[in-house]
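Read the structure below first, then the notes.
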Amino acid sequence: MSAPTSIEPRFKCYALKAPGQKIEPWEYTPRPLGPHDVEVAIDHCGVCGTDCANVFEGWASAYPFVPGHEVVGHVKTLGGQVQRFEVGDRVSVSYLAYTCDDSELCNQCQKGQDSYCVRGVPTAGGLFADGTMAYGGFAESIRVQDKHVSRVPDNLEGKYVAPLVCGGATVFNPMRRHNVQAGDRVGIVGIGGLGHLAIQFARALGAQVTAFTTKEDKRTECFEFGANHVVNINDSDQVKRAAMSIDFLLVTSNSVHTDWAQLAGFMDLHSKIVLVGIPAAPLSIPVGPFLMKDLQINTSVVGDAPHVQATLDFAAEHGIRPWVEEMPMSQAHEALTYVRDGKARYRVVLNN
Numbered sequence: 464m465s466a467p468t469s470i471e472p473r474f475k476c477y478a479l480k481a482p483g484q485k486i487e488p489w490e491y492t493p494r495p496l497g498p499h500d501v502e503v504a505i506d507h508c509g510v511c512g513t514d515c516a517n518v519f520e521g522w523a524s525a526y527p528f529v530p531g532h533e534v535v536g537h538v539k540t541l542g543g544q545v546q547r548f549e550v551g552d553r554v555s556v557s558y559l560a561y562t563c564d565d566s567e568l569c570n571q572c573q574k575g576q577d578s579y580c581v582r583g584v585p586t587a588g589g590l591f592a593d594g595t596m597a598y599g600g601f602a603e604s605i606r607v608q609d610k611h612v613s614r615v616p617d618n619l620e621g622k623y624v625a626p627l628v629c630g631g632a633t634v635f636n637p638m639r640r641h642n643v644q645a646g647d648r649v650g651i652v653g654i655g656g657l658g659h660l661a662i663q664f665a666r667a668l669g670a671q672v673t674a675f676t677t678k679e680d681k682r683t684e685c686f687e688f689g690a691n692h693v694v695n696i697n698d699s700d701q702v703k704r705a706a707m708s709i710d711f712l713l714v715t716s717n718s719v720h721t722d723w724a725q726l727a728g729f730m731d732l733h734s735k736i737v738l739v740g741i742p743a744a745p746l747s748i749p750v751g752p753f754l755m756k757d758l759q760i761n762t763s764v765v766g767d768a769p770h771v772q773a774t775l776d777f778a779a780e781h782g783i784r785p786w787v788e789e790m791p792m793s794q795a796h797e798a799l800t801y802v803r804d805g806k807a808r809y810r811v812v813l814n815n
């Protein structure tokens with residue numbers, strides 16, 4: 464009599480089966496649970512601008528494609544060597560699901576820079592070495608490497624956690640890396656899903672925060688998020704008054720029409736600009752205004768699990784909460800369309 468074989472479950476999800484189609488229900492058999500893997504039952508998953516780009520702009524690497532990298536849920540099953548978590552723990556997963564973890568062959572992993580692992584597998588649409596695909600969080604469950612799982616603080620609701628593990632980490636990580644602190648004059652360009660969180664994090668760090676926007680109807684909300692000043696960049700008088708007023712500028716907008724000479728005018732000498740948005744076309748930046756002020760232009764990517772954990776812990780301690788609109792997972796395509804069309808105020812979160 465032969466020994467019984469283990470039958471892998473089928474995970475229900477919402478997938479894009481081909482370019483130009485709608486997201487629709489699908490099922491797949493997950494990769495076998497590895498010794499360092501965690502299976503997470505998904506309660507919430509945020510909708511990110513990257514999800515929209517994958518679905519509507521052809522960024523997806525292969526099909527069927529399951530979006531979602533702002534995952535919040537609870538531990539359902541553990542691999543045999545996982546020690547950090549127990550079944551039932553509230554956890555989150557961000558944009559990275561697996562890394563090679565080879566300290567001898569991978570220079571990035573050797574330095575503890577998992578975000579830059581050349582063999583890293585993104586949570587949604589990443590490709591493993593064997594050619595199989597990683598399926599994201601628009602689903603009932605997901606399996607990921609334990610080192611890319613973060614613990615959710617008790618006082619954070621799941622609907623708030625989802626935008627924090629990507630959007631929150633995206634804006635908080637560069638503030639930490641560039642040592643933003645009390646008294647610094649911080650500017651935020653683009654008051655949307657990222658920008659409204661950036662205002663809150665900068666203010667919680669003790670900075671004097673200026674929100675730069677093109678939309679006058681967001682002025683009141685910017686003050687509610689914690690901004691000390693709001694500048695409408697289409698108002699020439701407001702722009703003049705804001706000259707030389709910023710030490711650290713975070714550009715969350717992905718607009719290809721950004722006036723970089725204008726942004727340079729807001730900066731004080733020897734100050735820094737950090738880009739976290741990805742424009743759809745190459746940027747044209749005038750060197751002169753930046754050179755004459757000795758300005759630095761930097762970029763920043765989301766951050767790995769330790770960065771996500773730091774983001775969640777800081778948000779929990781300081782009462783930082785994204786503005787969210789909830790929709791059922793069954794309306795995944797409608798949610799993506801809503802975000803793509805710029806209607807979200809300010810993040811959309813799907814729930815199971």
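Per the working numbering, residue 464 is the first one in the sequence shown, and the count goes up by one each step. Ideal Cβ positions, reconstructed from N, Cα and C, are used throughout, including at glycine.
1. For residue 440, report the span of its alpha helix (DSSP H) as first-last.
2. For the beta strand (DSSP E) that contains residue 477, what are its first and last residues?
3. Quick one, which of 606, 516, 671, 696 has its alpha-carbon nearest residue 555's?
4. How is residue 801 classed by DSSP in three states: helix, strand or coil?
5. Which class does residue 569 belong to by DSSP, given the choice of helix, strand or coil?
6. Would you list the residues sitting across from residue 561 in a DSSP beta bridge?
7. Decide if residue 498 is buried, meaning its Cβ has at least 16 other Cβ atoms within 10 Å, or exposed.
8. Going by C-alpha to C-alpha distance, which of 561, 676, 787 sits closest to residue 589?
9. With distances taken between CB atoms, is the gap from residue 530 to residue 799 smaller than 9 angstroms?
10. Return the residue from the list 657, 546, 623, 568 that minimises the CA-CA distance to residue 741.
11. From the DSSP output, in three-state form, read off residue 591 for me.
12. Quick one: which unbroken beta strand (DSSP E) runs of 3-plus residues sit fully inside the segment 667-707? Chain order, please.
13. Give the secondary structure of residue 610 by DSSP, where H, G and I count as helix, E and B as strand, and everything else as coil.
14. Under 9 angstroms, do residue 569 and residue 581 count as touching if we go by C-beta distance?
15. What are the boundary residues of the beta strand (DSSP E) that residue 813 is part of?
16. Any C-beta of chain D sitting closer than 9 angstroms to the C-beta of residue 599?
17. Tell me the residue span of the alpha helix (DSSP H) that contains residue 733.
18. For residue 468, name the three-state secondary structure that DSSP assigns.
19. Just to confirm before moving on: does the CB-CB distance between residue 459 and residue 521 stay below 9 angstroms?
20. Output the boundary residues of the alpha helix (DSSP H) element that contains residue 778.
21. Helix, strand or coil: how does DSSP classify residue 709 here?
22. In the DSSP assignment, find the unbroken beta strand (DSSP E) run with residue 765 in it and report its ends.
23. Which of the three DSSP states is assigned to residue 650 in this structure?
24. With H, G and I counted as helix, E and B as strand and the rest as coil, what does DSSP make of residue 493?
25. Between residue 587 and residue 538, is the Cβ-Cβ spacing less than 9 angstroms?
26. Locate the beta strand (DSSP E) running through residue 504, then write down its first and last residues.
27. Let me check understanding here. Comparing Cα to Cα, which of 479, 493, 543, 501 lies closest to residue 518?
28. What residues match up with residue 605 in a beta bridge as DSSP calls it?
29. Is the number of C-beta pairs between the segment 687-701 and the segment 634-642 that are closer than 8 angstroms three or more?
30. For residue 559, which residues from the same chain have a beta carbon less than 7 angstroms from its beta carbon, with the 5 sequence-adjacent residues on both sides left out?
31. Roughly how many angstroms lie between the CA atoms of residue 660 and residue 496, to the nearest whole one?
In short, the structure shows the following:
1. Since the first residue of the chain shown is 464 and the last is 815, residue 440 is not available in this structure.
2. For the purposes of this step, residue 477 is identified with residue 14 of the sequence shown, where counting begins at 1. 474-478 is the span of the beta strand (DSSP E), which, as asked, contains residue 477.
3. Here residue 555 is taken as the residue at index 92 of the sequence shown, counted from 1. Residue 555 has its Cα closest to that of 606, out of 606, 516, 671, 696.
4. If you number the sequence shown from 1, residue 801 lands on position 338. Of the three classes helix, strand and coil, the one that applies to residue 801 here is helix, per DSSP.
5. Here the question's residue 569 lines up with position 106 in the sequence shown. It is coil, neither helix nor strand.
6. Stepping through the sequence shown from its first residue, residue 561 is reached at position 98. For residue 561, the beta-bridge partners assigned by DSSP are 584.
7. Residue 498 sits at position 35 when you count from the first residue of the sequence shown. Burial call: exposed.
8. Here residue 589 refers to the residue found at position 126 of the sequence shown. Ranked by how close their Cα comes to the Cα of residue 589, the residues 561, 676, 787 have 561 in first place.
9. For the purposes of this step, residue 530 is identified with residue 67 of the sequence shown, where counting begins at 1. For the purposes of this step, residue 799 is identified with residue 336 of the sequence shown, where counting begins at 1. Yes, they are a contact pair.
10. Position 278 of the sequence shown, counted from the start, is the residue given in the question as residue 741. Of 657, 546, 623, 568, the smallest CA-CA separation from residue 741 is found for 657.
11. Stepping through the sequence shown from its first residue, residue 591 is reached at position 128. Assignment of residue 591 by DSSP, reduced to helix, strand and coil, places it in the coil class.
12. As far as the segment 667-707 is concerned, its whole beta strand (DSSP E) runs of at least 3 residues are 671-676, 692-695.
13. As a first step, residue 610 must be located in the sequence shown, where it is residue number 147. Residue 610: helix per DSSP, three-state reduction.
14. Within the sequence shown, residue 569 is the residue found at index 106, counting from 1. Within the sequence shown, residue 581 is the residue found at index 118, counting from 1. Closer than 9 angstroms, so yes.
15. The count along the sequence shown starts at 1 and reaches residue 813 at position 350. From DSSP, the beta strand (DSSP E) with residue 813 extends over 810-814.
16. The structure shown contains no chain D, having only a single protein chain.
17. Translated into positions along the sequence shown, residue 733 becomes position 270. Counting along the chain, no alpha helix (DSSP H) covers residue 733; the unbroken beta strand (DSSP E) around it starts and ends at 730-738.
18. The count along the sequence shown starts at 1 and reaches residue 468 at position 5. Bear in mind that the predicted position of residue 468 carries a pLDDT of just 49, short of 50, making it unreliable; the figure below should be weighed with that in mind. Taken through DSSP and simplified to helix, strand or coil, residue 468 comes out as coil.
19. Residue 459 lies beyond the stretch modelled for the chain, which goes from 464 to 815, so this question has no answer here.
20. Taking the first residue of the sequence shown as 1, we reach residue 778 at position 315. If you look at residue 778, you'll find it in the alpha helix (DSSP H) that goes 768-781.
21. Here residue 709 is taken as the residue at index 246 of the sequence shown, counted from 1. In the structure shown, the three-state DSSP call for residue 709 is strand.
22. One-based indexing of the sequence shown puts residue 765 at position 302. No beta strand (DSSP E) contains residue 765, which DSSP labels as neither H nor E.
23. Position 187 of the sequence shown, counted from the first residue, corresponds to residue 650. For residue 650, the secondary structure class from DSSP, reduced to helix, strand or coil, is strand.
24. As a working mapping, residue 493 is identified with position 30 in the sequence shown. Under the three-state reduction of DSSP, residue 493 is assigned to coil, being neither helix nor strand.
25. Indexing the sequence shown from 1 puts residue 587 at position 124. Indexing the sequence shown from 1 puts residue 538 at position 75. The Cβ atoms of residue 587 and residue 538 do not sit closer than 9 angstroms to each other.
26. Here residue 504 refers to the residue found at position 41 when the sequence shown is read from its first residue. Segment 500-510, the beta strand (DSSP E) holding residue 504.
27. As a working note, residue 518 is residue 55 in the sequence shown. For residue 518, the closest C-alpha among the options 479, 493, 543, 501 is that of 479.
28. Working through the sequence shown from its first residue, we reach residue 605 at position 142. According to DSSP, residue 605 shares a beta bridge with 503.
29. The segment 687-701, when compared against the segment 634-642, does not touch it at the 8 angstroms Cβ threshold.
30. Translated into the one-based positions of the sequence shown, residue 559 becomes position 96. 577, 578, 583, 585, 586, 611, 767.
31. In the sequence shown, the residue the question calls residue 660 occupies position 197. In the sequence shown, the residue the question calls residue 496 occupies position 33. Near 35 angstroms, if we compare the C-alpha coordinates of residue 496 and residue 660.
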